[in-house]
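Quick notes on the structure that follows.
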Amino acid sequence: MEIRYNKDVKNPPLIEDLVNELLKDDFVHFKILCANEVHHFHKEDDTIIEFQQTYMKESRSNGDRLYIAYPDIFRVKLYRDMAQYLEDEKKADAFNEIDWTGNRIIF
2 MEIRYNKDVK
12 NPPLIEDLVN
22 ELLKDDFVHF
32 KILCANEVHH
42 FHKEDDTIIE
52 FQQTYMKESR
62 SNGDRLYIAY
72 PDIFRVKLYR
82 DMAQYLEDEK
92 KADAFNEIDW
102 TGNRIIF
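All residue numbers for the sequence shown refer to this note's numbering, where the first residue is 2 and numbers rise by one.
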């Protein structure tokens, strides 16, 4: 994964903090929670993450693109430990047939 950003652009505080953490290059995975979606980004993926003035863009080597507007981002979780990421994913995948309300998204 390659991180690109424009130092001259003033981004929202959450995005500024995320970019600063990502540039430390000591993470294995991060995920972004938007309205009804969780977007996953793995460090070892062949992608370019660009932080623009009002949105972020993920570009994959196969040509796929993902755009996320900053106002749509509710929460970000950065993992430095793969074991913790896998444990959290295991909890999120433990779907309870009784609880169909969507309360299984765990950060």
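Beta carbons are placed, not taken as given, at the ideal position from N, Cα and C, and that holds for glycine. As the structure is a computational prediction, the values presented were derived from the model and not from experiment.
Problem set entry | Residue environment, Lys32, which counts as buried when at least 16 other CB atoms sit within 10 Å | What you label residue 32 is simply residue 31 of the sequence shown in a count that begins at 1. Label assigned to Lys32: buried.
Exercise. What is the DSSP secondary structure of Ile74, reduced to helix, strand or coil?
Worked result: Stepping through the sequence shown from its first residue, residue 74 is reached at position 73. It is coil, neither helix nor strand.
For this session: Within 10 angstroms of the Cβ of Met57, are there 16 or more other Cβ atoms? Answer buried if so, exposed if not.
Result: By 1-based counting over the sequence shown, the position of residue 57 is 56. With 16 or more other Cβ atoms within 10 Å, it is buried.
For this session: Can you check the region 11-87 for any alpha helix (DSSP H) of at least 4 residues that lies completely inside it and give the ranges in chain order?
Result: As far as the region 11-87 is concerned, its whole alpha helix (DSSP H) runs of at least 4 residues are 14-24.
Exercise. How would you label Tyr86, buried or exposed, when you count the other beta carbons within 10 angstroms and need 16 or more for buried?
Worked result: In the sequence shown, residue 86 corresponds to position 85, counting from 1. Around the CB of Tyr86, 16 or more other CB atoms lie within 10 Å, so the residue is classed as buried.
Problem set entry | Ile4 beta carbon less than 8 Å from that of His40 | The residue you call residue 40 lines up with position 39 of the sequence shown. The residue you call residue 4 lines up with position 3 of the sequence shown. Taking a C-beta distance under 8 Å as the contact criterion, His40 and Ile4 do not qualify as a contact pair.
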